[in-house]
Each structure stands twice: as C-alpha cells, then as structure tokens.
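What follows is a single structure, written as structure tokens, with notes after it.
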Amino acid sequence: MDVGKDFEKLVQIIATLRGEGGCPWDREQTPETVKRYLVEEAYEAVTEVERQNSSGVMEELGDLIFMTLFMAYLFQQRGDFTIEDVLKKAAAKMIYRHPHVFANRHVESPDEVKENWERLKKQEKSKKSDKLDIPRSLPALMRAHRLVGRAWSLSCPDDNPPGIRTFICNQLKALEDLSGETNSADKARKHMGESLMAMVCLGRKYGINAEDVLHEAIQRRLESSNPAAS
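Going by this note's numbering, the sequence shown opens with residue 3, and the numbers climb by one from there.
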C-alpha cells in the first residue's frame with residue numbers, strides 16, 4: 003500500500019487553492035468558518051456507513067479527509083503547527099495507546115484492551131489538566147455519554163439501575179406536577195434535563211449509547227412514515 007503520493011497530491015491541491023491565483027472562496031476561509039464543514043462531513047460519512055453504501059462511504063471519507071487536511075493547512079499557514087506535526091502526534095498517540103502491539107504487553111481480551119486504552123487516555127488527560135474536557139461542539143447526548151464515562155459520581159444520581167430508574171420516575175412526576183403552575187418553564191427544563199442525563203446514566207449501565215438509540219428511534223419513525231427515508 004503506497005498512499006504517500008496521493009496524500010502529497012491532496013496537500014498540494016489545498017496549497018494551490020489557498021495560494022496566489024487560487025480559489026477566492028478557499029482563500030478567505032479560516033478555522034472558525036471551516037469547522038462546521040468538518041462536522042458535516044463526519045456525519046455524512048457516518049450516514050453512508052449506516053446505509054452500508056461502500057461507494058458512498060468512500061466518497062464521504064474522501065471529503066472528510068480533505069476537510070481535515072484543509073483545516074490542518076489553515077493552522078499551518080498561521081504558524082501554529084504543520085500537517086507533519088499532526089501526523090507525528092497521531093502516530094505517537096496510537097503507539098502509546100497500543101502497548102500490547104508495540105511494547106509487547108500481554109492482554110487477554112478486547113475488553114482488557116479497551117480498559118487499558120481508557121486508562122492511558124486518563125493518564126494523558128491528567129497531565130494536561132485536572133478539569134473535565136468535554137467538547138461543547140459534541141451533540142448533547144454524546145457529550146453526556148462521555149461525561150458519564152469520565153465522572154460517574156458527578157453525572158449520575160445512583161450507582162445502580164434501580165436507583166437511577168427511581169430518580170427518573172421522580173423527575174417525570176415533578177414534571178407532571180408542574181402542569182397546573184404558571185411560569186413553570188424553567189423548572190420543566192431542569193426536570194427534563196435531569197431526566198435525560200439519568201437516562202444516559204442508565205444506558206451506560208446497560209452498555210447502551212443514548213445518542214445511538216435515539217438516532218435509531220428517529221429513523222424508525224421516518225421509515226414508517228416514508229419508506230424512502232431508509
């Protein structure tokens with residue numbers, strides 16, 4: 003597999019687009035203006051994966067790789083870091099997080115690999131900051147899922163599913179009790195938010211990602227009302 007030439011060609015295309023005589027639209031872009039396209043391309047790639055459309059996946063991954071390189075090139079032009087820095091950092095991180103492959107550390111199962119991965123990630127994060135770093139740009143349920151994984155006691159009302167279910171029922175009962183109150187929107191928002199957060203906690207206990215199951219529920223409704231949506 004030799005992708006070096008194709009990679010360099012793609013970088014050169016970006017350099018041409020951003021250079022003198024290049025594309026006016028590309029030349030005026032900044033990381034702030036491009037960031038939404040990076041997110042959009044990622045979701046479009048995921049959509050094609052879910053459709054099991056290999057040609058669509060190939061096309062969307064190409065767009066995602068291009069937009070990722072484009073973003074990196076913008077930072078390179080600002081002097082923050084280079085594309086080479088990004089690649090070296092990614093390679094070093096993957097080697098560090100796979101000691102069972104690159105450092106002859108023995109593991110018994112995929113679960114142990116995952117546990118080791120999370121442990122190494124926490125070690126990396128602790129070196130950077132003691133603060134929980136959960137990107138605000140993530141979808142809310144995905145952000146909650148990650149927070150629960152990193153700080154259960156901060157995020158969840160109980161350690162066990164029965165306690166979490168009781169908490170959810172209490173929050174829903176509180177919502178019901180608000181039905182006759184005036185100016186209750188703020189209270190309703192709080193109870194709904196706490197209920198959703200607890201549902202994420204419950205999902206974690208069952209090995210379920212709330213973002214995924216809500217997406218699946220939406221898709222079932224779309225398909226039932228419009229078969230073409232599938």
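Glycine included, every Cβ here is placed at the ideal spot set by N, Cα and C.
- In this chain, the alpha helix (DSSP H) harbouring residue 72 covers 56-80.
- In this structure, residue 155 and residue 173 do not form a Cβ contact; the two beta carbons are roughly 19 Å apart against a cut-off of 8 Å.
- Around the beta carbon of residue 78, 16 or more other beta carbons lie within 10 angstroms, which makes this residue buried.
- A contact is defined here as three or more CB-CB pairs under 8 Å, and the segment 49-57 fails this definition with respect to the segment 86-100.
- Apart from the 5 residues on each side of it in sequence, residue 168 sits with its Cβ closer than 8 Å to the Cβ of 160 in its chain, given in chain order.
- Around the CB of residue 34, fewer than 16 other CB atoms lie within 10 Å, so the residue is classed as exposed.
- In the assembly as shown, residue 181 is an exposed residue. Its beta-carbon has fewer than 16 other beta-carbons within 10 Å.
- Burial check for residue 158: the Cβ neighbour count within 10 Å reaches 16 or more, so the residue is buried.
- If you ignore the 5 residues before and after residue 140, its C-beta comes within less than 8 Å of the C-beta of 148, all in its own chain and listed in chain order.
- When C-alpha distances from residue 121 are compared across 64, 205 and 98, the shortest belongs to 98.
- Taken in chain order, the complete alpha helix (DSSP H) segments of 4 residues or longer contained in the segment 20-49 are 26-29.
- By the Cβ test, the segment 99-114 is not in contact with the segment 181-195, since fewer than three Cβ pairs between them sit closer than 8 Å.
- Judged by beta-carbon spacing, residue 194 lies beyond the 9 Å limit of residue 146, meaning their Cβ atoms are not closer than that value.
- DSSP, reduced to helix, strand and coil, places residue 16 within a helical segment of the structure shown.
- DSSP, reduced to helix, strand and coil, places residue 98 within a helical segment of the structure shown.
- Residue 201 is a Cβ neighbour of residue 212, given a cutoff of 9 Å.
- Taking the CA atoms as reference points, residue 5 sits about 11 Å from residue 12.
- Here residue 218 carries a helix assignment [DSSP, helix/strand/coil].
- Per the C-alpha coordinates, the member of 100, 40, 164 and 143 positioned closest to residue 217 is 143.
- Taking the Cα positions, residue 40 is about 24 Å away from residue 134.
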